[in-house]
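These notes are about the structure you will find just below.
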Amino acid sequence: MKEIRNLQLSEFQKEIINKLDDEYCYETSVGYEDSITIFNKEQGLLIRINKTDDTASINESLEFCKSRIEKSLNNHNQLVKDEEKRIKLLELILKENK
């Protein structure tokens with residue numbers, strides 16, 4: 012278990028900190044939100060967990076992330092289909108002009 016100094020964190024936040032492996036680092040923000048901010052090794056912000064967060068709010072965040080990925084993939088797939096149609100049309104135009 013990692014040593015968590017006298018911070019005013021919730022038990023849930025402390026559990027999360029203890030689950031982090033070497034791929035992640037965190038910093039605490041004591042004050043109004045009493046939050047922990049989790050980063051990857053490149054210092055890219057991944058998530059902020061407030062003192063009031065719990066498993067339910069983490070599940071909501073998870074579902075939100077999944078829906079954003081799905082929407083992004085759908086948009087990407089539509090873009091690919093549109094480009095394929097454009098390519099087909101351009102090839103047709105070139106074929107007719109030979």
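Just so you know, we're using my numbering here: the sequence shown kicks off at 12 and counts up by one.
Glycine residues also receive a C-beta, built at the ideal position from the N, C-alpha and C atoms.
These figures come from a predicted structure and were not determined experimentally.
Proximity below 8 angstroms, CB of residue i to CB of residue j
i, j, result
"Y2", "F50", "There is simply no residue 2 to check, as the chain begins at 12 and stops at 109 in what is shown."
CA nearest to the CA of residue i, picked from the options
i, options, result
"I60", "S21, S83, S78 and I98", "S21"
"T63", "K106, Q54 and E44", "E44"
For residue i, the three-state DSSP class (helix, strand or coil)
i, result
"S46", "strand"
"N51", "strand"
"L31", "coil"
"L84", "helix"
"N11", "Since the first residue shown for the chain is 12 and the last is 109, residue 11 is missing from the structure and cannot be characterised."
Anticipated Cβ contact below 8 angstroms, residue i with residue j, distance rounded
i, j, result
"L56", "T48", "7 angstroms"
Identified DSSP bridge partners for residue i
i, result
"S40", "S46"
"L56", "F50"
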